[in-house]
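Participant: This is the structure I want to talk about, given as structure tokens.
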Amino acid sequence: SCPRDNSVVKDINKMHQSNYGIGGFSHITVAGALAHGMKEVEVWLQTISAGQRTPIHRHSCEEVFVVLKGRGTLLLGSTSLPYPGTPQEIPVFQNSTFTVPINYPHQVWNSDEHEDLQVLVIISRPPVKIFLYEDWSMPHTAAKLKFPFVWDEDCLDAPKDEL
Ligand SMILES: *[C@@H]1O[C@H](CO)[C@@H](O)[C@H](O)[C@H]1NC(C)=O
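Counting in the numbering used here, the sequence shown runs from 64 upward without gaps.
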């Protein structure tokens, strides 16, 4: 069931939250294309437990992160090699913001041993089309499209709000 809610003001703590089968992870679609009729941008609130990582992935949308809690490491691969290659490791910390350019393979890693990493994420061009890499040496052309992504699966068949 798709948690559609077109009210103007929503309490984030009462919005649908799930780990979508991913261990040490939690996701809330704060403002989404499928659930809330967003057209140009989408906003997520995500929490990654100590030591956990997102999959290595890329998408052809812009992505802005705001770190609300904790600290971690952004791993950023290459688009000029035929595969991501050894990623740059960029420390991120509470109250920092960072962006991931279009199509860059990346991974967000909660490299802290104790604290959760909580990020607010803004993406363009929703719903997101995510290409997954098994590792940093997998060719870009072999990365696998997962669409709809896990948090969009329940909503994909819902009629889009065209107002
Ligand atoms: C982040 O900002 C909040 C609110 O201003 C502040 O309480 C907190 O100490 C800041 N954290 C860091 C690591 O600077």
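Cβ atoms here follow ideal geometry from the backbone N, Cα and C, with glycine treated the same way.
Could you say which of R134, W107, T142 lies nearest to W287 if we only look at CA atoms?
Facilitator: With the chain covering 64 to 226 only, the question about residue 287 has no answer from this structure.
Participant: Taking 7 angstroms as the cut-off, is the C-beta of Q157 nearer than that to any heavy atom in ligand 1?
Facilitator: Indeed, a heavy atom of ligand 1 lies less than 7 angstroms from the Cβ.
Participant: For Q151, which residues from the same chain have a beta carbon less than 6 angstroms from its beta carbon, with the 5 sequence-adjacent residues on both sides left out?
Facilitator: L139.
Participant: Among residues of its own chain, excluding the 5 on either side of A221, which ones have a beta-carbon nearer than 7 angstroms to its beta-carbon?
Facilitator: In this predicted model, A221 has a pLDDT of only 49, less than 50, meaning its place in the structure is not dependable enough to derive any value.
Participant: So within the region 90-148, which uninterrupted alpha helix (DSSP H) runs reach at least 4 residues, ignoring any that extend past its ends?
Facilitator: Runs of the alpha helix (DSSP H) inside the region 90-148: 96-99.
Participant: Output the distance between the C-alpha atoms of P154 and F194, rounded to the nearest integer angstrom.
Facilitator: Going from the Cα of P154 to the Cα of F194 covers about 24 angstroms.
Participant: If I'm right that Q170 touches G133 with Cβ under 8 angstroms, what's the distance once you round it to whole angstroms?
Facilitator: Contact flag wrong, Cβ pair sits at about 16 angstroms.
Participant: Quick one: Cα of Q181 to Cα of L108, how far?
Facilitator: Going from the Cα of Q181 to the Cα of L108 covers about 7 angstroms.
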